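> Supplied in structure tokens, the structure appears directly below.
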Amino acid sequence: MRPIRPARAILALALTALLAACAEPAPPPATVDAPPPPMEAADDATTANADVHRFNIGTLQAAVLRDGDIRFPNDGKTLGVGAPKAELDAVLSKAGEPTDTVHLSVQTLLVRSGDRVLLFDTGAGAADFADAGRLPAALQAAGVEPAQVTDIFISHAHPDHVGGLLDDSGAARFPNATVHLSAPEWAALQTDDANAALAAAIQPRVDAFTPGAELLPGVVTAVEVDGHTPGHSAYEITDGDARLLYIGDAAHHFAVSVQRPQWTIAFDGDAPVAETSREALLARAADTGVTVSSPHFPYPGLGHVVRRDGTFVWAPLQ
Ligand SMILES: [Zn+2]
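Just so we're aligned: the sequence shown equals residues -23 to -1, 1 to 295 in mature numbering (1 follows the signal peptide of the UniProt record, and there is no 0).
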């Protein structure tokens, strides 16, 4: 098995290449469909914002909050590593995507459950990549102040998921939130020099859970998805019979990662394990019909995984 470079190093390389490649600033993301009407009459604090997509999980109010966009060259070094370039390009073209640049959205998920306000991942925050940093405005437009967030569920400790935990001054952005992440992910984060400030800031409020644990009874359960990082977790959110599966980085690209889950993405720390996990989670989504929420699929990243032609395809919600 070929050696896999550490995901962080690969991410840094990809971003460096991206910056070098982009002499011209990337065009602003296309305006997506306007957010649907609020689930309840909007109060004064709730305003229209193209980075807020409201929806329901059963009776729970939820919203996808967009933080930014990642773009990197489609050079076979990041997405579809080792795959025949012509086949990679064919999958992208058939999906209506360009073949020179790969685009990943960066978005988080907000859910209200009773008096609790839940946030799944936090975007890239002040990190100088991913055209990120829109989460605070989106959160405000959704009618939520940072101090009102009670629980944050982290899929894994890559910068496009934990960057938003800190504000521009390096302090915890969500002062009252319990930060849930798996025990192996927390252990790895604490030994990562690049995350030393983050670890110190969130340590008093961390809930390091056993992978797969039920975290909020009847509402949030972690789903162990090994391989991307030491303790990567997806989350299943339920309200009665209604369910949503937040997949984290089990799959990155809505076409390539779903239709060719056996192709490596360089961000995976343990590629063979991650590939197996990706196929298993896609199969679970397809076989249960659960609605899926992805932090990287085209905004708002909500849809279903369906089986077609011996593999899977992404069917976004309209
Ligand atoms: Zn990610």
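Yeah, the Cβ is synthetic: ideal placement off N, Cα and C, and Gly gets one too.
None of these values were measured; they are calculated from a predicted model.
Going along the chain, which residues of its own chain have a beta-carbon closer than 6 Å to the beta-carbon of Leu279, five neighbours each way excluded?
So the list reads Ser270, Leu294, once near-sequence residues are dropped.
> State the DSSP-derived secondary structure class of Glu74, mapped to helix, strand or coil.
Glu74: coil per DSSP, three-state reduction.
> Going by Cα to Cα distance, which pick from Glu252, Ser159, Ser146 is closest to Ile131?
Of Glu252, Ser159, Ser146, the residue nearest in Cα terms is Ser159.
> Assess, as a yes-or-no matter, whether the region 198 to 212 is touched by the region 75 to 82 under the definition of 3 or more beta carbon pairs within less than 8 Å.
They do not touch, by the three-pair rule.
> Leaving out five residues on either side along the sequence, give the residues of the same chain with a beta carbon under 7 Å from the beta carbon of Ala176.
Hits under 7 Å: Leu166, Gln167.
> Exposed or buried, what is Ser70 when buried is set at 16 or more other beta-carbons lying within 10 Å of its beta-carbon?
It counts as exposed.
> Quick check: what's the CA-CA separation for Thr85 versus Ala134?
Computed Cα separation, rounded: 14 Å.
> Return yes when the C-beta of Pro272 is under 7 Å from any heavy atom of ligand 1, and no when it is not.
Yes.
> Does DSSP put Ile34 in a helix, in a strand, or in coil?
Strand.
> Give me, in chain order, the residues of the same chain whose beta-carbon lies closer than 6 Å to that of Thr288; leave out the 5 immediate sequence neighbours on both sides.
These residues qualify, in order along the chain: Gln236.
> Measuring only the C-alpha atoms, how far is Thr215 from Gly100?
Using only the alpha carbons, I get a separation of about 23 Å.
> Which full runs of the beta strand (DSSP E) of 3+ residues lie inside the region 74 to 125, going along the chain?
Runs of the beta strand (DSSP E) inside the region 74 to 125: 78 to 90, 93 to 97.
> CB-CB under 8 Å to Val282, same chain, minus the five flanking residues each way: which ones, in chain order?
Val235, Leu259, Ala262, Ala263, Val269, Phe289, Val290, Trp291, Ala292.
> If we ignore side chains and look at the alpha-carbon of each, how far apart do Pro12 and Pro113 end up?
Per-residue confidence for Pro12 stands at a pLDDT of 40, beneath the threshold of 50, marking its modelled position as unreliable; the derived number appears in the next sentence. Each residue's Cα considered, the two are about 17 Å apart.
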